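Just so you know, the protein sequences line up as chains A and B, in that order.
Throughout the first sequence, residue numbering follows the numbering used here, covering 24 to 136 in sequence.
Throughout the second sequence, residue numbering follows the numbering used here, covering 10 to 122 in sequence.
Ideal Cβ positions, reconstructed from N, Cα and C, are used throughout, including at glycine.
No experiment lies behind these values; they were computed from the predicted model shown.
Written out below as structure tokens is the structure these notes cover.
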Amino acid sequence: AQSVTQLDSQVPVFEEAPVELRCNYSSSVSVYLFWYVQYPNQGLQLLLKYLSGSTLVKGINGFEAEFNKSQTSFHLRKPSVHISDTAEYFCAVGGNQGGKLIFGQGTELSVKP
Amino acid sequence: DGGITQSPKYLFRKEGQNVTLSCEQNLNHDAMYWYRQDPGQGLRLIYYSQIVNDFQKGDIAEGYSVSREKKESFPLTVTSAQKNPTAFYLCASSSGGSSQPQHFGDGTRLSIL
Chain A
24 AQSVTQLDSQ
34 VPVFEEAPVE
44 LRCNYSSSVS
54 VYLFWYVQYP
64 NQGLQLLLKY
74 LSGSTLVKGI
84 NGFEAEFNKS
94 QTSFHLRKPS
104 VHISDTAEYF
114 CAVGGNQGGK
124 LIFGQGTELS
134 VKP
Chain B
10 DGGITQSPKY
20 LFRKEGQNVT
30 LSCEQNLNHD
40 AMYWYRQDPG
50 QGLRLIYYSQ
60 IVNDFQKGDI
70 AEGYSVSREK
80 KESFPLTVTS
90 AQKNPTAFYL
100 CASSSGGSSQ
110 PQHFGDGTRL
120 SIL
């Protein structure tokens, strides 16, 4: 069975500071990992994905994530955040029949001026 | 532009009524999904469909029904048997492979009058 744990439910940070949103997963099958962002009252938008190859994945809006197989982690990072990055972020794991994704509980990123 | 359209954006239901949420996609995706989102609980899978005229229950299918008569459409009916229907409902689609990301609509917020 697969599962995803996002270790922080809320992350407050000041504008232009770096941020890391933590995600751990467990899986007994091939691992495909995703980060999504959700702005208020909207759907989810794909930030980045790890399928294979380089463990450092770059996405949109200046975000990147690193796949660490030994620590079963896929943490999301941004070196300098903006007010507009305030949103909820979801980590998800794929590799299931029917293309199903397993989502974490979400991390609310709040960027303050 | 290709994408997923959910309608209506806001929906109100009276006690004992069934309501149907619309989801249409023009991405030519084979697979479609319905999720329920509640604060602090992430996304929970209600139903999914890998091909036309076939669908499977997700983790919380009780009180919901779906149909998949056309590739582009995957409507969700919230029946009167669903005792706590107030939530944000998200529809998604993908090409169906286990490594593929899902693309999301902007959601429908359902409330009980």
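Bridge partners - F57 (chain A), DSSP secondary structure assignment
Answer by DSSP bridge pairing, in chain order: A:K72 and A:A115.
In or out: L79 (chain A) buried (at least 16 other Cβ within 10 Å) or exposed?
Its Cβ having fewer than 16 others within 10 Å, L79 (chain A) is exposed.
At a CB distance below 9 angstroms, what residues from the stretch 70-98 of chain B approach chain A? Give them in sequence order.
If the cut-off is 9 angstroms between Cβ atoms, the stretch 70-98 of chain B has F97 near chain A.
Let me check understanding here. Comparing Cα to Cα, which of A:S53, A:K72 and A:L99 lies closest to V42 (chain A)?
Nearest neighbour of V42 (chain A) by Cα position, chosen from A:S53, A:K72 and A:L99, turns out to be A:L99.
Could you spell out where the beta strand (DSSP E) holding H98 (chain A) opens and where it closes?
That run of the beta strand (DSSP E) goes S96 to K101.
Alpha carbon to alpha carbon, how far is N84 (chain A) from Q15 (chain B)? Give it in angstroms, no decimals.
Whole-angstrom Cα-Cα distance: 25 angstroms.
Can you grab the Cα-Cα spacing for the pair T28 (chain A) / N47 (chain A), in whole Å?
Rounded to whole angstroms, T28 (chain A) to N47 (chain A) spans 5 angstroms at the Cα level.
Of all the residues that make up the stretch 53-84 of chain A, which are near chain B by a beta-carbon distance shorter than 9 angstroms?
Cβ contacts with chain B come from S53, Y55, F57, Y59, Q61, N64, Q65, G66, L67, Q68, L69, K72, L74 and S75.
Interfacial residues, the stretch 123-135 of chain A to chain B, with Cβ spacing under 8 angstroms
Residues of the stretch 123-135 of chain A with a C-beta atom less than 8 angstroms from some C-beta of chain B are K123, L124, F126, G127, Q128 and G129, listed in chain order.
Any beta carbon of chain A sitting closer than 9 angstroms to that of R118 (chain B)?
So, interface residue.
When DSSP labels each residue in this structure, what does I106 (chain A) get in the three-state scheme?
In the structure shown, the three-state DSSP call for I106 (chain A) is helix.
Give me the chain B residues within the contact set of F37 (chain A), using Cβ-Cβ distance strictly less than 7 angstroms, ordered along the chain.
Those do not exist, as F37 (chain A) stays about 25 angstroms from chain B at its closest Cβ, beyond 7 angstroms.
Along the stretch 94-121 of chain A, where does the CB come closer than 9 angstroms to a CB of chain B? Name the residues.
Flagged, chain order: F113, A115, G117, G118, N119, Q120 and G121.
Counting C-beta neighbours from all protein chains within 10 Å, is the total for F86 (chain A) 16 or more, i.e. buried, or is it exposed?
F86 (chain A) sits buried, since 16 or more C-beta atoms from the chains shown fall within 10 Å of its C-beta.
What does P35 (chain A) pair with, by DSSP beta-bridge criteria?
Looking at the DSSP output, P35 (chain A) shares a beta bridge with A:S133.
How many whole angstroms separate the CB atoms of Q128 (chain A) and Q50 (chain B), which I take to be in contact at a CB cut-off of 8 angstroms?
At roughly 7 angstroms, the Cβ-Cβ gap stays under 8 angstroms, so Q128 (chain A) and Q50 (chain B) are in contact.
Proximal residues to F90 (chain A) (C-beta, below 6 angstroms), its chain only, five neighbours per side dropped:
Counting only Cβ-Cβ distances below 6 angstroms, and skipping sequence neighbours, we find Y73, T78 and F97.
CA-CA distance, A90 (chain B) and E78 (chain B)?
The straight-line gap from Cα to Cα measures roughly 23 angstroms.
By the criterion of Cβ-Cβ separation under 9 angstroms, what are the contact partners of Y57 (chain B) in chain A?
Contact annotation for Y57 (chain B) against chain A: G121, G122 and K123 [CB-CB distance below 9 angstroms, chain order].
How about N27 (chain B) and V87 (chain B): do their beta carbons lie closer than 9 angstroms?
In contact: N27 (chain B) and V87 (chain B) (Cβ atoms closer than 9 angstroms).
With respect to the beta strand (DSSP E) encompassing Y48 (chain A), which residues constitute its N-terminal and C-terminal limits?
Segment C46 to S49, the beta strand (DSSP E) holding Y48 (chain A).
Starting from A163 (chain A) and walking both ways along the beta strand (DSSP E), at which residues does that stretch end?
The requested residue 163 (chain A) does not occur in the structure, where chain A is confined to residues 24 to 136.
Give the range of the beta strand (DSSP E) segment to which S104 (chain B) is assigned.
Premise fails: S104 (chain B) is in no beta strand (DSSP E) and is neither H nor E.
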